[in-house]
Every structure is written in structure tokens, then in C-alpha cells.
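>
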Amino acid sequence: MSVLAKTSCCALFVILGLTSVGLTTLAVASDPSQEAGIAYFEKHIRPLLAQHCYQCHSQRADKSEGGLLLDRRVGWMQGGDRGPSIELDDPQGDLQVSLLIRAVRYEDPELEMPPTRKLPPSDIAHLEHWVRMGAPAPDDDSLNLAEMTTDPSDPVLGKSHWAYMPLAEREPLPLNEIEWPRTVLDQWILAGLEAQGLEPSPAAAPRDLVRRVYFQLTGLPPTFQQVDVFLGKCHATNIDQAMEELVDQLLASPRFGQRWGRHWLDLARYADSNGLDENFLFREAWRYRNWVIDSVNADLSYDRFLLEQVAGDLLPYESVQQRDRQRIAAGFLVVGPKVLLGNDEKNQRMEVADEQIDTIGRALLGQTLGCARCHNHKFDPFPTADYYALAGVFASTRVMEMRHMLGQQRLMERLVGLGEQGKDVDDAYEAYWREQPNLKSKTEKAASVLKAINENNTAALGKLRESQAEAFAERLRDATTRESLSIEDQVAAQEAWVRELTSALAHPPAIPPRAMIPSDVDEPADECVRIAGQFDDLGGKVPRGFLTVLQDAEGSEIPIDQSGRVELGQWLTDREGRAGQLAARVMVNRIWHHLMGSGIVRTVDNFGRTGESPSHPELLDHLARKFIDSDWSVKALVREIVLSRTFMQSSQYHAGNYATDPDNRSLWRSNRRRLDPESIRDAMLAVAGQMDWTPMDSSVAYLGDQATAVGANKVRRRTDMPCRSVYLPVIRNDLPELFAIFDFADPHTTTGARPNTTVPAQGLFMLNDPMVMQTAESTATRILAEVQTDDLAAKAARLFELVFNVTASDIHSDQDEQQAMQVFLAQTEERLKSEGQENAELSALTMAAQALFASSRFSILE
Amino acid sequence: MACHLFSTPTTRRTMLRNSACGFGQVALSALLAGGSHASPDSADTAMTIPGPHFPARYKRIIFLFMWGGPSHVDLFDPKPQLNKSDGQPLPPAAVGSNRKSMGNVLGSPFRFAQHGEGGVWISELFPHLARQSDRLCVIRSMHTEGSAHGEALLRLHTGQANLVRPSVGAWVSYGLGSENENLPAYITISPPRGHGGVQNYGNAFLPAIHQGTAIGSAETPIAQAKLSHINNPRFDLATQRSQLDLIQTLNRKHLNDVKYDPNIEGLIANYELAFRMQSTIPQIMSLEDESPETHALYGIGQEPTDNFGRQCLLARKFAESGVRYIQVSTDYTWDHHKELQSGMVTESAKVDRPMAGLLVDLARRGLLDDTLVLWGAEFGRTPTVENGDGRNHHPQGFTMWMAGGGVQGGLTYGATDEFGYRPVENPVHMHDLHATLLYGLGLDHKRLTYRHAGRDFRLTDVAGNIVKDLWT
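From first to last, the protein sequence lines are chains U and C. Using this note's numbering, you'd call the opening residue of the first sequence number 1 and step up by one each time. Using this note's numbering, you'd call the opening residue of the second sequence number 1001 and step up by one each time.
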């Protein structure tokens, strides 16, 4: 018998999955004593077999190590290679005749099962007792049936998983400390803390708080003046009042959308290029990016926000502007990466649908639906049929088409002209490139005719006229056909014609305003299950639809001539439906994650059985309900959270609390966090006074059709525009270095929680990157202009004000820093002077500014 | 508050062994001299990191990663039965499968021969490597899970696919620290950006200093890759050092104010490392000091071997400099779903001479005894045909090889069935490989644990058998 059984983590999850759905029995038994035996089996034996044995000895696992199956009576009665596992004829009465018992007793070194670890004595006792009872079990047919009903992908049983349950509203438990909570949110947090014997941290210092709020809501530091205003208000009224005013002001700022829109773009795997095999430029993706920013700023209700992204091209509209806006929103479906070349068309359709299902599953519902493509989901209640019901919707949606683009015809993202005349202009553009090869040859021919006339070469002309009769006939101004004209006139007429053609060739029409927009295919259809995910291995046809486990009653019918995306969008946002409530939970958790530093469910993209359970399930449901009731207002939820006592806590370390809850799951303090790359860059530009605040359209228009500089293509994405970082090019496989080093989201895929690394490359970046040095120099220049004295202390103080937004005296017992800064300035200036450098003062101050940018106080948010 | 980790006399070696940050902590302790700090975890950490558990057989690992999954039955595991059954359905029973249909068998288009005294079988695709066959310990009985690249890559690199776990190199860095204070303990040359990307060299919950430092990426020729931002365009190192002192003063003060924060600690350690790397890395990455003979040995300066040759030579230089774990990756070029024959000819030619050169070079410098070279991929390929002339992914059975580090040269370990489908003798699971890699470094995979979220984690989870038979 092989002893090479492995308990991988994956297998552990299978077990967890099994136990969490409950090992329901459908045993059929009439004899009461038999019934008791079967009940014993179901209660004690099957769970332990499932947990410890089925990995290697069951049909489900496709494994029968040593020829032994333990998922059926015939399995253990007949046994494996060593013979029967259970011998009911036991003269000694010590059960040593039964291999199964000997194996679990670990008495025979050759036969120790399970191989990884001896079973607990209670389990062994249960097995012994069961064998003594005569090893009762349901007969094999019902056993198999039972196995099927406990399939983790069973959508009916799956409804009991917490994430799929309807929202519950519960009253918080009575609290000891009644002064602290400001809202129900705080009550739940405090209840959790008190249950663990923890206390919340005191409120953060106003200076830390104002910096925290500015960065969280706008991705930018407050200016020194803004800090002052806030502190003044705290003083004049109180911190709650000051916070309310500040938060409302920031929520109304367009900079809110520039930050929070980016959070969504992480989920939407937004990019300006295709990535994967052919990194073609998504020239028009920026319109979707700006739609997201605008929608967040307008606080477009989240249900509408989703509906438009899933089905914006199919929704009714009252104006061309509205039509275009909604269409652009649906670009969400188009910006995914696609394998463009060498792919079978049918396969490609399924690949694209898969990418959309995966994105929608994880981003909107926190579900790993992609797993059900090749087999029933191993952990979550998604049978393959559900996957292909959705696949029918997306395979009935077109996101790519053959187009002419800059001289070549290729498969590309579907583009639609915008504006009143959009279609005509786009058609004309397409027509130009379609005809361009003709135009080219026409020009060449006309030129050769001109040459022949010029040379007065009748023979050549005659030949040309013969060989190119068509071209000759077509030409309106074919002067050579009017032989009555003088040769000069013939030449002049032909020259004009050649000029006209050459000019048309040299001046292709400008790329018209277009956007990446999906559409339904001409004949929407249901899809067949693909066996093992193979596109060409067809199983049964599945009607288009959504996820059974999240279906409440009869789903709405999908019209036969439509893809079903409108119905999908409605289902996803039905406030009384399971799907809508799950979508609300997922979004609430994301907002919490961004504001608090980690989610109530830390696996923000996975609310399935392999994801983490919520630390505060009642709070999650409470906020989700509130979110829905506020007409899905993201801003209202952000406001609610930011104004809570929980958010406003200090991030100070506390040894006692830390010992109990080092991960801060119960939120006994605020999580200290490193800034994301956008905030680092934007803050430096803002401090340096270099930021161009104008929202940007395309930041990739200068790129050719290939977005990545490869081979002959030398044009590479730029990162030197002083715009807010959200507008920088997001070229898949060629992210701006700052982004790549500081854990930007991988734009190939939905990213709800960015990684958080601390690596030497980040240090090297801050020490040596030209952009960092340049912003440092601008900061230094700014200081030299503002502080017109030689007083080092004044310069140092101003530097602290600008970079940390606080006066140096506010930094706790700041003398060391102040002192160190002044010494550095003096010594560096002297050193550079002695080396004969010009502008030693500026250089020294530049290095000092850079040092502050590089310091932990700049990049780590209290 | 005194930090007990540093307040008692302790040798540098124990500190490296016991600290959560490896040598980074050494730099940190120097920085913290005067100002003190305590890591609340350090007491646990010291107890749960036992450091080297037994005498090491080697000090470092170079992993040559063939991204995509080369076909074992066309390189190291000859199966005459494949050619006999070419075009016939693969009988499920013969490979112990319950599935009805397995597809048709594809014979190998390549000739195999036995090489050296050990008689190791290598196909005609690797003529240079074949001459080093007596250095190779070929494991033909590898198996793993994950039939898609992403999952299989993550299992290969981290032991897990569905959860974020530290990579092998990160565990090694954590367990042993670096031998060179100026270099990270874990360097990955041209790592894949896809199929898990950074997760494949990530540190997960281990302290960030253990993350692999990436040089270039798989898509970029290594000659053009450099560690970005490795020098300052305006200021010399001495001036920069004084600037860094200022930065670290501010950081230490910050850390002191907040009492404990692993991110700030990591930041401080990283700046020191970054600064030292500025002088060390360019020196190592310049291959100009190497003789023309060495360049030729690796196939540098000629095609198609130039790129992989440079990567391998770079790996040797890092090994020489004391880096613990070095990974070299090919581009995503070994995924031969079709045109297997031409594809494998092309890809083999790129790596054959450089790999052989690396072994020769390590040996003649006396480095091969304490360096383990590991070759392999996320999985092998099916005995059956795909798209007429290709093979599909195959995690159930495949080949990896080792050289150096005291493993038995000329050894063929384990065997697959007659179709090369799954191991039938001495199976070695990915977890077993990981356990064995750590064992050779003197680390017990069951004792190399890290406490996180309330429990001790280890590279091999609850599995892993050490394959001691690879050594005499």
C-alpha cells in the first residue's frame, strides 16, 4: 500500500467544503436497528472517512490507493490489494483481523493510516465501535446518491453559505463603554473589542487625522494652509464638527473621483493596451477611465453604475450624450486582455466570455466563477451549467471585430463613433483605410501614365491603356483619352490628378471620436457546456441565465433575440435579491478595505468558501443594508465610515492589545499604511508645486498601434506628464516603473487588494529616480524663493511644513530631526561648494527635500 | 524598552539565524544602536526559527526554470512504447486512469541515448548537457497538481496555489539569511510577469526583506536588463551616504515614536541594502571581467545562446557572491501545444550550452560542491497528442534534475509508467522536492516555520518527505 498520501491545502479545502455543506444522508432504511446503525455511520463514520480517507480512497478524488475505495460498502468489504478492510468474523474480538482497524491503530509500521498523522483516539474508538456493530452503512446506490447531493457545487445546498444569505439586521449587543460609539458601526466594532477584552485606541491627533483623511479621500496631502484651517475649526468647534465639514468638502472635490475612480479601475482591470500576445494599443480606453472618474464624482448610484457597465449599450436614452455615456460605460466589457492571434474563432469567443465572467464574478460578486468552466466548482456552489448559462450571455455579446487601422486590417476591440454623426464619420474613416491599398495603386498608375505622357511615349501609353483599361476608364480626368488636347494640357491635367491622389494618400482622415463599446451579436444564442472546458467538446445546451445559488424565484426571462445583459445587470442590482445583496456586501467591504486598510472580509475578491469569513458579519450586513437604502450612494458610505470613531482612532501601538490581536482584526487601532504609488507621486508633485490639475484625456495618443516598444517600434509610453497619476498610461507589461515597484494593480486581472511589499527596489527608486530628484529640486527652488534668508532653521522648518504638512515643532519631540536637517544642509552645502559645484545651496536643499520624500513619515500614513 | 534580541551578547551568526529579517536585521541593529526598539514578535520568532537544523549539504541553490513545461518524454524519460503506440488511443488502464478517453499517443520524434558512466538517458536535444551527464541526478518521478500554468507555477514556487504563500527562495532567505551583506539573499533573474507574477518570488507573510529581488523580466533580454535606479545621476556615493544618514535618522525617530512597526523596520533595512547594492550590483552584473573563454563556455556572444548564457553566468556570479537562492527563468517558450518538434529544437538550443557551461564553470571554481543546481518546470507534457503535433500540460508525472550539492551524479531516480504518464517508482511530489531542497540547506521543512495569524506555517504545509536517496 502506498504511503505517499498528501494532505495538500487544496485537499483540506475539499474537506472543509464537504463539511460545511453538511454530509446529508439520503439513506434508505426500513429496519429500525439498521436505521440506528446507519445513523451512527452518518454521524460518526462518514465524516471521518471523508475527512481523513477520501483524498486517496474515493471515486471523487479519482484515487484508490492500494486499490482501496472507502466511499462505498463494497469498497471496504472487498478491500484493496491486501484484501478486505473489514472482517466481521472476529474470533479474538480485538478487531485485529480488520485491516482498517489495524491501520488506524498504527500498530503495524507497514500499515499506518492515515499516513500523515494518527487519528485522535475518539475517532479510532468510533471506528472500532462501528465495526463491532457490523459496519452498518446505507447500500451503495444511496451512498453514491448521497455523495452527489453533498457536492460542494450543489447550488441548493450552497445557499446556506453566509455570503449568499439575505442581509440580516441585528441589534448590537449591550456595551460596557457607552460613550465611545458614535454610530451603529462603532457599536459593532466596540462589541467585538469588548468580547476580546480590548479597548479602542484614543482618537488620532488632529494633524495625523487630517493627513489621513486627505490621502484617503483625494490621494493627496493637505497643504499647510488646509491643515491650519482644519485645526482652527477643531479649536473653534470640535473635532467631529471639523471632520464633518472637511469630509463633505473633500467628497465634493473632483479629486475624490480621481482617487476612488482608480479603486474601481483596479477591479475593472483597466488598461490602455491589450497585453498578452499582441500588445495593441487601446487608443480609446481613456474614455471609459474618465467615465468612471466622472461617475464617482457624480456619485452615480452603484446599481446604475453596474448596470451601465454591463449593459450600457442596450439601455434606453434621451439624448445622444446620454447614449454615448452609457455606451462608454459598457467599455468595461471590452477592456479585458485577449489572445488576439492564432486563436480559433470559436475558442476565442469562449476565451473572451471567460475573461468577462471571471472579472464580473470576482469584481462584482467576489466569486471565482472561472473555476466552473472545466468542471463543477470544487468549493463553491457553481455547477458547470451555471457557468455556461452565463457564457451564453457573453458569447452573445460582441467586443471585437475586424477593422482597418492605420494601414492594416486586424482583429481589434469594437469601436463605435461618438456624437450625432459618429457612425458616418467612423464609416468614412473605415472606408478610407479599406480603400487605401486601392488608392495607393491608383496613385502609382497615374504616376506612370504621367511619366509616359511626359516622355510623349505613345507606345508606352498605348500599352498602359491596354493593361490598365479599368483604371483608364474610371478616371474622370483622364486627359490622355482626350487626344485632342495639346500635350501640355494633357500633362497639366494628369499632374493635377496625380497631386490629388498623392495628397489623399499622404493625409489620411484624423481618427474620429470613437469608444470601445460592445454590442449584442446578430443572433444571440444559448451555449453548450464544454466538456473539460474544451471549446470544441460540446455537452448539453444550457439556457442563458445567471447563478442558481443566487436566484431567488423564477429569474426574469431573457428575450430570445437579446444577449441577456440587461437582465444580468438588473439581477446583479436587485436590492431585494440575493445577488444584489451580495454585490452590496462585496462593495461595502471594498470601501471598508480602502478606508481601513483591510476588509471585514480580508479576501476582498473571494466571498466563497475558500475566502475568509467576515470579522464582523453583522456590521457588514448592516452597512450593506444602509448602502442599498441610501440608493447605493458610495459617497454616503464613505462619509459614514470616515466619520466613525473607529476610523478616527490613532494608529498607536499598544502592547496588550497587540498581544491579543496582532493582526488588528478587531480594529483596536487604525491600520498604519504605506501610500500607494499614485499618492506618492501626486504628493511629490503637489509639494513641488508642479502638478497640472487639469483632467486629462488620452495619455497614449502619441503611441503607434503597438503599445510596447519592441523591435522597430521605439516609441514608449511616457510618464513625464505632470498630471495626476490616474491619467498616466497603463500599458500592460510596461507599467510606469513607479507603479511596478510600489505594488500597482496588475492590469491583466481584477485586483481588489493590492500587494504590499517593502523591497530594496523601492529604496533605490526614492534615492535615484529622476522624477523624484526633479520634484525635490522644484521643492527646493520653491523654498529658496519663499525663504529669503540664510537661516538654515527657517529653511528646514519650511521644508518640513511643505513635505509633512506640519510645522517642525509639531513633530513629537522634534528637536533631533530639526537639528539633523540643519546639520545636513550646512555640511552638504559646504561639501558641494568645496567640490566646486555651482548652486551648492540649491543642491543641498534638493537632497534634503528628497530625503524627506524618502522618509517613512512621508510614505507611511498614520 | 530594551530589545532583548540585541541586548544580550549574541554572535552575528545566531542573530542571523534567529532574526526575522535575516541579515537585514543586522543592519537594523547597527542603525538602532542608541535608540532601542522591540519587536513584540521577536520572542516568538527566536523560538520558532530554529535556524540550520542539521549539517548542510550545500549553501545555495540555482534554479533553472523552463517556463511553459518542457516535455519530459522528449528530453529525459524515453518511452519506446510511445513510438510503438503512436497514433493509437492511450489505454486508460495502462496509466491507472478512470477516464474513458485519453486521446492518441504521440511518439517522440527525438533519439535518446545513454550517457556517461551513470548511463543517464538524454535525448539528442541536449548534446552539451549530455556530456555533463555524470553530474546529473535525474528525477523522473516528479508529480504535482495544477494543469494550468498559473496554478502549477504557484505550486512550484510557493507550494500552494489557492492561497498566497511565501516562495521557496523567501523561505530560504528567512531560514538562512544572506552570506553577503551587500546583496539580497534571494535574486530572481528575468522572472515571469505572468502566471502569478511577483507572487512566484514573493514573501507573503514573511518579512518583506525575504522577497526575491527581480532583475529584468522574462520578456526582456538580460543584456538590456539592469536593476533600475542602481545609481544616482547627480550625486556621488559619499554625498548620498550623508543623505541616507539623514533619511535613516528620520526613520528611526519615526519608528521610535510608534514603538513597533514592521513596515518601518523593513523600510530602514531596505534603504541600507539598497545603498549597498548600488556599488555591489553593477560590479556583479558587468560580465566584462569574465574571460572570452568563459563567455564562450556559456555561449555568450553567439546565437541562440547569448541571452540564456548571460543569465547563467550572472547566476554563477551571484552564487559566488553568496546569494542563497538564485532563479533563472526562460521566457514563456516551452509550452508546446503544437509544433512540438521544431519548438523543442529551437528552445533546447537556447539553453543547452549555457546550462552545461554553468555546471562546468561552477565545478572548476569549486562552487559545485556547495551549490545545488536544479532544473525543471511547472509540469511536463502529455504522452498524448494535441493539435496534431503537440503535447498538452501534464502535472501527473514529469522530470526534473539536480546537479552539484553532493547529489549523486549519473543517478536516475524514480520512474514513470511505460507511457511516461505517472510515477510508478519512488514518486516525488512537489512538496517532497521542497522538503528535499530545504534539507540540503540544513533546514528541516517541518521545523522551518513562521507564526502567522495564529498558527505556524511552513513551506510544505502538512506534507513533504525528504528524498535522502539522492545523496549517497
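Glycine is no exception: its CB is placed at the ideal position from the N, C-alpha and C atoms. Since the model is a prediction, treat every value here as computed from it, not as a measurement.
Leaving out five residues before and five after U/Ala-191 in sequence, what residues of the same chain have Cβ atoms less than 7 Å from its Cβ?
Taken in chain order, the residues that qualify are Pro-172, Leu-173 and Leu-175.
> Smallest Cα separation from U/Asn-274: which of U/Gln-788, U/Arg-414 and U/Gln-494?
Here the closest residue by C-alpha is U/Arg-414.
> Just to confirm my understanding: we take C/Asn-1475, look at its own chain, exclude 5 residues before and 5 after, and list those with CB closer than 8 Å. What are they?
Outside the modelled stretch of chain C, which goes from 1001 to 1472, sits residue 1475 of chain C, for which no answer is possible.
> In whole angstroms, give me the CA-to-CA distance for U/Asp-94 and U/Gln-581.
Rounded to whole angstroms, U/Asp-94 to U/Gln-581 spans 56 Å at the Cα level.
> Suppose the cutoff is 6 Å on Cβ atoms and the five residues either side in sequence are ignored; what does the same chain contact list for U/Val-806 look like?
Cβ neighbours of U/Val-806 beyond the five flanking positions: Arg-207.
> Checking contacts by CB at 7 Å: is C/Ala-1093 closer than that to chain U?
Not an interface residue.
> Alpha carbon to alpha carbon, how far is C/Gln-1311 from C/Val-1328?
Cα to Cα, the separation comes out at about 6 Å.
> In whole angstroms, what separates the C-alpha of C/Leu-1227 from that of U/Glu-567?
C/Leu-1227 and U/Glu-567: Cα-Cα distance of roughly 50 Å.
> Measure how close the beta-carbons of C/Ser-1167 and C/Gly-1202 come, nearest whole angstrom, since I'm counting them as under 8 Å.
Indeed they touch by this definition, with Cβ atoms about 6 Å apart.
> With DSSP as the reference, label C/Ala-1113 as helix, strand or coil.
Three-state DSSP puts C/Ala-1113 in a strand.
> So U/Gln-408 is in the alpha helix (DSSP H); what residue range does that whole segment cover?
Looking at the DSSP string, U/Gln-408 is not in any alpha helix (DSSP H); the run it does join, the beta strand (DSSP E), is 408–413.
> Name, going along the chain, the residues of the stretch 815–832 of chain U whose beta-carbon falls closer than 8 Å to a beta-carbon of chain C.
Listed in sequence order: Asp-816, Glu-817, Ala-820, Met-821, Phe-824, Gln-827, Thr-828, Arg-831 and Leu-832.
> Taking only beta-carbon positions, decide if U/Thr-781 is within less than 7 Å of chain C.
Chain C contact via Cβ: absent.
> Within the chosen definition, does the stretch 829–840 of chain U reach the stretch 768–775 of chain U through at least 3 CB pairs nearer than 8 Å?
With a cut-off of 8 Å, the stretch 768–775 of chain U and the stretch 829–840 of chain U do not count as touching, because too few Cβ pairs lie within range.
> Suppose only complete runs of 4+ residues qualify. What are the alpha helix (DSSP H) ranges in the stretch 1415–1465 of chain C, listed by chain order?
Segments of the alpha helix (DSSP H) lying fully in the stretch 1415–1465 of chain C: 1430–1440.
> Going along the chain, which residues of its own chain have a beta-carbon closer than 7 Å to the beta-carbon of U/Pro-543, five neighbours each way excluded?
Ala-389 and Asp-526, listed in sequence order.
> Using a Cβ cut-off of 8 Å, pull out every chain C residue sitting near U/Arg-672, in sequence order please.
In chain order: Val-1258, Asp-1261 and Asn-1263.
> Among all the DSSP beta bridges, which residues are the ones paired with C/Tyr-1186?
DSSP lists C/Tyr-1325 as partners of C/Tyr-1186.
> Where U/Leu-476 and U/Ala-506 are concerned, what is the direct C-alpha to C-alpha distance, given to the nearest angstrom?
Unreliable placement is indicated for U/Leu-476, whose pLDDT of 40 sits below 50; the coordinate value is still reported in the next sentence. Computed Cα separation, rounded: 21 Å.
> Could you run through the stretch 1303–1322 of chain C and flag, in chain order, every residue whose CB is less than 8 Å away from some CB of chain U?
Going along the stretch 1303–1322 of chain C in chain order, one finds no residue with a Cβ nearer than 8 Å to chain U.
> Identify the contact partners of U/Tyr-54 in chain C, using a Cβ-Cβ distance below 8 Å as the criterion.
None at all; the shortest Cβ gap to chain C is about 15 Å.
> Among residues of its own chain, excluding the 5 on either side of C/Asp-1086, which ones have a beta-carbon nearer than 7 Å to its beta-carbon?
Same-chain partners within the cutoff: Val-1105, Leu-1106 and Gly-1107.
> Looking at C/Met-1402 and C/Gly-1376, is the spacing between their C-beta atoms short of 7 Å?
Cβ distance not < 7 Å, so C/Gly-1376 and C/Met-1402 don't count as in contact.
> How would you label C/Asp-1352, buried or exposed, when you count the other beta carbons within 10 angstroms and need 16 or more for buried?
C/Asp-1352 is buried by the Cβ-count criterion.
> Taking only runs that begin and end inside the stretch 146–234 of chain U, name each unbroken alpha helix (DSSP H) of 4 or more residues, in chain order.
Counting only runs of 4 or more, we get 184–195 and 206–218.
> Taking 7 Å as the threshold (beta carbon to beta carbon), is U/Met-847 in contact with chain C?
Chain C contact via Cβ: present.
> Within 10 Å of its beta-carbon, does U/Glu-862 have 16 or more other beta-carbons around it, so buried, or fewer, so exposed?
Its Cβ being crowded by 16 or more others within 10 Å, U/Glu-862 is buried.
> Under DSSP, the alpha helix (DSSP H) around U/Thr-384 begins and ends at which residues?
U/Thr-384 -> alpha helix (DSSP H) spans 384–395.
> Can you check DSSP and say which residues form a bridge with C/His-1104?
According to the sequence displayed, residue 1104 of chain C carries Asn and not His. Per DSSP, C/Pro-1089.
> Please list the partners that U/Val-687 has in chain C, where partner means a Cβ-to-Cβ separation under 8 Å.
Neighbours of U/Val-687 on chain C: none; closest Cβ ~16 Å, over 8 Å.
> State buried or exposed for C/Asn-1083, treating a residue as buried only when at least 16 other CB atoms are found within 10 Å of its CB.
It counts as exposed.
> Under 9 Å Cβ-Cβ, which residues of chain B neighbour U/Arg-609?
Annotation note: the requested chain B is absent from the structure, which comprises protein chains U and C.
> With C-beta atoms as the reference, is U/Ala-447 less than 7 Å away from U/Val-498?
Closer than 7 Å, so yes.
> Could you give the first and the last residue of the continuous beta strand (DSSP E) run that contains U/Ala-542?
First, the amino acid is wrong: residue 542 of chain U is Val here, not Ala. Its beta strand (DSSP E) spans residues 538–542.
> On the CB-based measure, 16 or more other CB atoms within 10 Å of its CB, does U/Gln-326 come out buried or exposed?
So U/Gln-326 ends up on the buried side.
> Once the 5 residues before and after U/Glu-841 are set aside, which same chain residues still bring their CB inside 6 Å of it?
Once the five neighbours on either side are set aside, the close Cβ partners of U/Glu-841 are Glu-829.
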